[in-house]
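In the working numbering, each residue carries its 1-based index in the sequence shown increased by 6.
All remarks here apply to the structure that follows.
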Amino acid sequence: MLTLPIFLAAMGITVLEMSEAAAVGMTIYASSRQRLAYVAVSAGALVVFIPAALIGKYLNLLPIVYVRLVSATLLLYFGLRLVRSARRSVLFQAGIRGGSKHEELEKGVLSAGFAVGSIEAFEASIVLIALYPNGYTSTLLGLFAGIAVVAAAAVALHSQVRKVKQAIMKIAVSSILLTFSLFWYFEAAFPINDLYLVPMFAVFFAGVYYITHRNIPEPHQTPSEQS
């Protein structure tokens, strides 16, 4: 049975992290003209995703209370990290801070692509491992759907995929993760209706949006622009 919130959370984190890997893969290809760059990125992601899926399957054997506590803690950790990342994206889009997402790729096409794929997949897997015990099939389907979305977008957008603004997406995904974190903390202590997920998400989204957009200074203007 498909659990829609878990499916969407898994798909969202997969799209977020793997779109960054796809963008870097395109950059490597543009500079090297070697199609093996895409193969290397894919291989790096698979090396992480496959063991994570196998581990997640056996997490179902643990007591559900401990699973929810561990899952909630993992989602809280990554959700807070994603809030900081969303803040940096908002500042970058406002033209206030330069972006330096990845280090210079100087170790060769294959090693650089493999490293990027594995790092982004690892970050996604932190969340996926927390989701697997609470809905293995839904998480796996979300992972597949996220990969399909990124692959389709990469084919359609080519070099433009690197220019896609990710601030709002990061705000939404971090809000989803924080919502599930709080919900599972509550659920480990007492029964709670799934309908509470909707207002909890709305509160987190508003809060994260405020945090990431507050005190954004105006870009410096030249004397000619001020007059």
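Just so it is clear, CB atoms sit at the ideal spot from N, CA and C, and this is done for glycine as well.
Contact check, residue i vs residue j, beta carbons under 9 Å
{"i": "M175", "j": "G18", "result": "yes"}
{"i": "L81", "j": "L184", "result": "yes"}
{"i": "Y138", "j": "L147", "result": "no"}
{"i": "A43", "j": "V133", "result": "no"}
{"i": "S144", "j": "L60", "result": "no"}
{"i": "V71", "j": "A194", "result": "yes"}
Nearest neighbour of residue i, chosen from the options [CA to CA]
{"i": "A208", "options": "E193, S181, S187", "result": "S181"}
{"i": "E220", "options": "V96, M206, I61, S91", "result": "The question names Glu, but residue 220 is Arg in the sequence shown. If we check each option's Cα against that of R220, V96 comes out closest."}
{"i": "G141", "options": "M206, L88, Y64", "result": "Y64"}
{"i": "P11", "options": "D200, L86, F192", "result": "D200"}
{"i": "F189", "options": "A78, L149, G85, A59", "result": "A78"}
{"i": "F98", "options": "A136, I132, A173", "result": "A173"}
{"i": "Y83", "options": "A59, A136, V53", "result": "A136"}
{"i": "A49", "options": "A29, S117, I70", "result": "S117"}
{"i": "F241", "options": "V45, V76, A29", "result": "Nothing can be reported for residue 241, as the shown portion of the chain is limited to 7 through 233."}
{"i": "P197", "options": "F13, R74, A29", "result": "R74"}
{"i": "V45", "options": "G101, A157, G213, L67", "result": "A157"}
{"i": "V214", "options": "F13, L14, V89", "result": "V89"}
Contacting residues, own chain, Cβ-Cβ under 8 Å from residue i (five flanking each side not counted)
{"i": "P57", "result": "none"}
{"i": "A178", "result": "G18, F211"}
{"i": "F13", "result": "G141, S144, T145, L147, G148, A151"}
Contacting residues, own chain, Cβ-Cβ under 7 Å from residue i (five flanking each side not counted)
{"i": "A27", "result": "V47, A51, V122, G123, E126"}
{"i": "M206", "result": "T185, L188, F189"}
{"i": "G85", "result": "S180, L183, L184, S187"}
Boundaries (first-last residue) of the alpha helix (DSSP H) holding residue i
{"i": "M175", "result": "173-195"}
{"i": "M206", "result": "203-219"}
{"i": "L88", "result": "70-99"}
{"i": "Y64", "result": "42-64"}
Beta-carbon proximity list for residue i, same chain, < 6 Å, skipping 5 on both sides
{"i": "F55", "result": "A127"}
{"i": "A130", "result": "I19, T20, E23"}
{"i": "F192", "result": "I198"}
{"i": "S91", "result": "K176"}
{"i": "L68", "result": "none"}
Any C-beta of chain D under 9 Å from that of residue i
{"i": "Y44", "result": "Here there is only one protein chain, and chain D is not present."}
Whole-number beta carbon distance between residue j and residue i, since they are thought to touch under 8 Å
{"i": "M24", "j": "G152", "result": "7 Å"}
{"i": "R93", "j": "T218", "result": "5 Å"}
{"i": "I222", "j": "A29", "result": "Incorrect: roughly 24 Å between the Cβ atoms, too far for contact."}
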